[in-house]
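*Asks:*
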Amino acid sequence: MSKASQKRDSTSAQASEAAPTADVSKALLLEVYHRLYERYGPQHWWPGESPLETVLGAILTQNTAWTNVEKALANLKGTDMLSVHALRGVAEPDLAAMLRPSGYFNAKARKVKAFINYLWDCYHGEMEEFLQEDTEWLREELLSIYGIGEETADDILLYAAGKPSFVIDTYTRRILERLALKPSDGKSYQAYQRLFHRNLPRDVSLYNEYHALLDRHGKETCKKEPLCRGCCLLELCPRGRLSIDTSNSQTL
């Protein structure tokens, strides 16, 4: 652990024991970010080569691993399908066959076609024009399109449009709950998102990296069955410390 982290330890550990007031939440959220960044380094998200590819990735990654999305995107690239015009013209069953590696391929083909048809009907297929719209309005429009929920909409806003809208997923919820950083105003998606928006700068680069780091940590360490020993967030985590204490007492 770096000297910078050691200096932050005492105040952050005390903060995690207290009720999550705005000041405490801000301090903890920033400390969590710093520790994750020191452990894992930059994640270089999102791996799309264009806004369209990023949007497609956001839709295709629903309920599957990114490695499966990469296979589906490779199929689209191999058949010259990574354009609005090509996706508009392809038959849905043919598109579904290309998307098969991503799972739920028939449903995802419908979702992709729904987005492409919206973009064509409302913006003549011009992705850049669409993504330049006001953030709040753009989010509502995305949510009105078949197959795009809040997480997918925020993925598109953050990684394709470059707008500061924090993405909430299962890993984020799990990590925050174990850190006793649950929102004070409910358990909804919006409540978790407000926790970040109210306590962090509205900075696209920060949101981009933070979300990616939370996903990395949730996959590798803070799993359903967490690997608490050696976790970079252990000093901040009441759940983790309790787990370690319980394990130690059982071995005595």
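Note that numbering that gives the first Met the number 0 numbers the sequence shown so that position 196 is 195, with each residue one more than the last. Every residue, glycine too, gets a C-beta built ideally from N, C-alpha and C. Predicted, not measured: the structure shown is a model, and the values here were computed from it.
Please return the same chain residues whose Cβ sits closer than 7 Å to the Cβ of residue 198, not counting the five positions on each side in sequence.
*Replies:* If we look at residue 198 and ignore the five residues flanking it on each side, its Cβ neighbours are 21, 24, 25, 28.
*Asks:* If you draw a straight line from the alpha carbon of residue 15 to that of residue 236, how long is it in whole angstroms?
*Replies:* Reliability of the predicted coordinates at residue 15 is poor, the pLDDT of 41 falling under 50, and the value obtained from them is presented with this limitation in mind. Cα to Cα, residue 15 sits roughly 7 Å from residue 236.
*Asks:* Please say whether residue 227 and residue 243 have beta carbons closer to each other than 8 Å?
*Replies:* Taking 8 Å as the Cβ cut-off, residue 243 and residue 227 qualify as a contacting pair.
*Asks:* For residue 72 versus residue 52, is the C-beta spacing smaller than 8 Å?
*Replies:* Yes, they are a contact pair.
*Asks:* Taking residue 44 as part of the alpha helix (DSSP H), name the residues at either end of that continuous run.
*Replies:* It is not in any alpha helix (DSSP H) - residue 44 carries neither H nor E in the DSSP assignment.
*Asks:* How would you call residue 130, buried or exposed, if buried means at least 16 neighbouring beta carbons within 10 angstroms?
*Replies:* Buried, because 16 or more other Cβ atoms sit within 10 Å of the Cβ of residue 130.
*Asks:* Is the closest heavy atom of the ligand SAH to the C-beta of residue 243 under 7 Å?
*Replies:* Looking for the ligand SAH in the displayed structure turns up nothing, as the structure carries no ligands at all.
*Asks:* Cβ of residue 109 within 8 Å of Cβ of residue 158?
*Replies:* Their beta carbons are not under 8 Å apart, which means residue 109 does not touch residue 158 by this criterion.
*Asks:* Let me know if residue 123 comes out buried or exposed under the rule of 16 or more other beta-carbons within 10 Å of its beta-carbon.
*Replies:* So residue 123 ends up on the exposed side.
*Asks:* Give me the Cα-Cα distance between residue 76 and residue 48, rounded to the nearest whole angstrom.
*Replies:* For residue 76 and residue 48, the distance between alpha carbons rounds to 11 Å.
*Asks:* Examine the Cβ distances between the region 136 to 153 and the region 173 to 182 and report whether three or more of them are shorter than 8 Å.
*Replies:* No, because fewer than three Cβ pairs between the region 136 to 153 and the region 173 to 182 fall closer than 8 Å, the two stretches do not touch.
*Asks:* Answer with buried or exposed for residue 142, where buried requires no fewer than 16 other C-beta atoms within 10 angstroms of its C-beta.
*Replies:* Residue 142 should be labelled exposed.
*Asks:* Assuming residue 182 and residue 191 make a contact with CB atoms under 8 Å, what is their CB distance in whole Å?
*Replies:* That belief holds up - the Cβ atoms of residue 182 and residue 191 are roughly 6 Å apart, short of 8 Å.
*Asks:* Kindly give me the distance between the Cβ atoms of residue 67 and residue 102, rounded to whole angstroms, as I take these residues to be in contact under 8 Å.
*Replies:* With a Cβ gap of about 6 Å, residue 67 and residue 102 count as contacting.
*Asks:* What distance in whole Å lies between the Cβ atoms of residue 38 and residue 231, which are believed to be in contact at a cut-off of 8 Å?
*Replies:* Going by Cβ atoms, the distance from residue 231 to residue 38 rounds to 4 Å, so yes, they are a contact pair.
*Asks:* Expressed to the nearest angstrom, what Euclidean distance is found between the alpha-carbon atoms of residue 210 and residue 234?
*Replies:* So the alpha carbons of these two residues sit roughly 21 Å apart.
*Asks:* Within 10 angstroms of its Cβ, does residue 45 collect 16 or more other Cβ (buried), or is it exposed?
*Replies:* Buried is the call here.
*Asks:* Assign residue 125 to one of three DSSP states: helix, strand, or coil.
*Replies:* It is coil, neither helix nor strand.
*Asks:* Mapping the DSSP letters down to three states, classify residue 93 as helix, strand or coil.
*Replies:* Helix at residue 93.
*Asks:* For residue 83, which of 54, 93, 95, 42 has the nearest alpha-carbon?
*Replies:* Cα-wise, what sits closest to residue 83 is 54.
*Asks:* So, using beta-carbon positions, are residue 201 and residue 225 closer together than 8 Å?
*Replies:* It is not a contact, given that the beta carbons lie outside the stated cut-off.
*Asks:* Leaving aside the five residues before and after residue 118 along the sequence, list all residues of the same chain whose C-beta is less than 7 Å from its C-beta, in chain order.
*Replies:* Contacts found: 83, 124, 126, 129.
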